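Numbering (the working numbering), first residue to last: 1105 to 1484. For glycine and all other residues, C-beta sits at the position ideal for the given N, C-alpha and C. Predicted, not measured: the structure shown is a model, and the values here were computed from it. Have a look at the structure below before the remarks.
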Amino acid sequence: MTDEATTRRNIPVRVRVILVLFLLYLFLVGVKALESGIKGFGEDFTDSLFSGVSNPIAGLFVGILATVLVQSSSVSTATIVGLVGAGTLSVPLAVPMIMGANIGTTVTNTLASLGYLRRSSEFRKAFAGATMHDFFNLMAVAVLLPLELATKFLSKSAEALAGFLGRSSNVGFEAPDSPIKAAVKAPVKLLENIFESLGAGDTLMGILLLVMGLAFIFLALAYITRNMKLVVAGNIERSMNAVLAKGGGVTAMAIGLIMTVSVQSSSITTSVLIPMIAAGVLTLSNAYPITLGANVGTTVTALLASLATERPEGLVIALVHTLFNISGILLFYPIPQLRRIPLFLAQKLAAVAEVRKSLVIVYVIGAFVLVPVIGILILQ
């Protein structure tokens, strides 16, 4: 072993932990820069996209595409709630959009897994960790959307719950940023101010933020895994997975929910899991319920957004979002055979992707961009 390698291994664990925390922060800044860069291509895009829909299946594709483009289900669902609350969009058309947003939000952690493309074994675990979220949300939509279109059970349940909860039309506020989210936004805002002072227009600024965001994400991921393997060794790794396994899915779901409410983004929660799965810190089966808890936690943003709307329909569609995610968990998770389907499919896809990496790009672009665009064009 070289002196340089020995020195790297002799770095104190405390220093490595601080470095990992900094890299996680850099990773989150990259995700935020990516989101801000996409927004730079036009702030009114999602509004115009949502309001022009007249077919429920097209609405599903619009929800997917809009969320992929803004890289945040919180943004797209809050927009949907605002449009419904303003009377611009009806609840029946908004329901499939909400479901589409749930699918679209999984693209962020799928992109995060691409940081491991050059390291096959880590990539296989990371890609499986990302796509299990894809498969679960696809399964939930495949069952619950036809059921909703036939029976309106989600919207009727949400209406009943909204009536029970009651609300005052003069209640309205903007949800404050969490300390973590504020800290992540600060350097991105600084970059925006620097680019603006240099005379960059919205489009150029968007491109620059996109490039920098991707650079931050891939740089952070490259070093997070390397350090995590040394920080979280043997006994600690086994203990962490044992605690999650003993507590069952409920404990892990609670962790995912709390993390997502804290950072106000399921994309951040699930993306942070990717380097942990790739490094072997978390097993796939223990990370799985954390992502389901994140699905429920992200609905808090829509619920808060509904408080700023004047019409009760805003609260109804926000509750639909919550009920949809809870229903998906209740439908699949309690039955072991159904629970394992997303894990099985994700592992199979990851095994293929490890061998034929070109298929990864086809999967991401096809599932999250081409299929939604073609669906919208055909059905509109």
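Nearest to residue i by CA position, among the options, is which residue?
i            : options                   : result
residue 1194 : 1259, 1241, 1227 and 1210 : 1259
residue 1424 : 1377, 1458, 1200 and 1123 : 1200
residue 1170 : 1160, 1205, 1185 and 1159 : 1205
residue 1255 : 1312, 1460, 1196 and 1215 : 1196
residue 1265 : 1243, 1376, 1297 and 1427 : 1427
residue 1128 : 1318, 1376 and 1438       : 1376
residue 1218 : 1290, 1477 and 1458       : 1458
residue 1208 : 1216, 1220, 1386 and 1238 : 1238
residue 1240 : 1434, 1461, 1422 and 1476 : 1434
residue 1318 : 1292, 1297, 1463 and 1300 : 1292
residue 1120 : 1462, 1483 and 1327       : 1327
residue 1482 : 1157, 1116 and 1118       : 1157
residue 1417 : 1186, 1398, 1174 and 1257 : 1186
residue 1471 : 1251, 1215 and 1296       : 1215
residue 1261 : 1464, 1442 and 1422       : 1422
Assuming residue i contacts residue j (C-beta within less than 8 Å), just tell me the rounded distance between them.
i            : j            : result
residue 1162 : residue 1184 : That belief does not hold up - the Cβ atoms of residue 1162 and residue 1184 are roughly 14 Å apart, past 8 Å.
residue 1224 : residue 1370 : In fact, because the Cβ distance is near 28 Å, the residues do not count as touching under 8 Å.
residue 1203 : residue 1167 : 6 Å
residue 1400 : residue 1372 : The Cβ separation is near 15 Å, so there is no contact.
residue 1181 : residue 1405 : 6 Å
residue 1324 : residue 1141 : Actually they are not in contact, since the Cβ atoms of residue 1324 and residue 1141 sit about 17 Å apart, beyond 8 Å.
residue 1248 : residue 1479 : Actually they do not touch by this definition, with Cβ atoms about 18 Å apart.
residue 1476 : residue 1165 : 4 Å
One question on the structure: do residue i and residue j come within less than 8 Å of each other, judged by their Cβ atoms?
i            : j            : result
residue 1450 : residue 1236 : yes
residue 1137 : residue 1309 : no
residue 1473 : residue 1172 : yes
residue 1189 : residue 1410 : yes
residue 1402 : residue 1364 : yes
residue 1159 : residue 1378 : no
residue 1304 : residue 1312 : yes
residue 1388 : residue 1447 : yes
residue 1288 : residue 1125 : no
residue 1320 : residue 1130 : yes
residue 1263 : residue 1420 : yes
residue 1445 : residue 1243 : yes
residue 1353 : residue 1437 : yes
Within 8 Å of any Cβ in chain B, is that where the Cβ of residue i sits?
i            : result
residue 1186 : Given the protein chain composition of this structure (a single chain), no chain B is represented.
- Query: Is it true that the stretch 1354-1365 meets the stretch 1373-1393, where meeting means three or more beta-carbon pairs spaced less than 8 Å apart?
  - Reply: yes
- Cβ pair count under 8 Å reaching 3, the stretch 1226-1245 against the stretch 1375-1385: Enough Cβ pairs lie closer than 8 Å, so yes.
- Item | Sequence ranges, alpha helix (DSSP H) only - wholly within the stretch 1190-1236, length at least 4 | 1195-1208 and 1211-1217
- Could I get the ranges of all uninterrupted alpha helix (DSSP H) runs contained in the stretch 1358-1382, with 4 residues as the minimum, in chain order? Within the stretch 1358-1382, the complete alpha helix (DSSP H) runs of at least 4 residues are 1370-1382.
- Query: In chain order, which alpha helix (DSSP H) runs of at least 4 residues are fully inside the stretch 1391-1448?
  - Reply: 1403-1410 and 1417-1436, all fully within the stretch 1391-1448.
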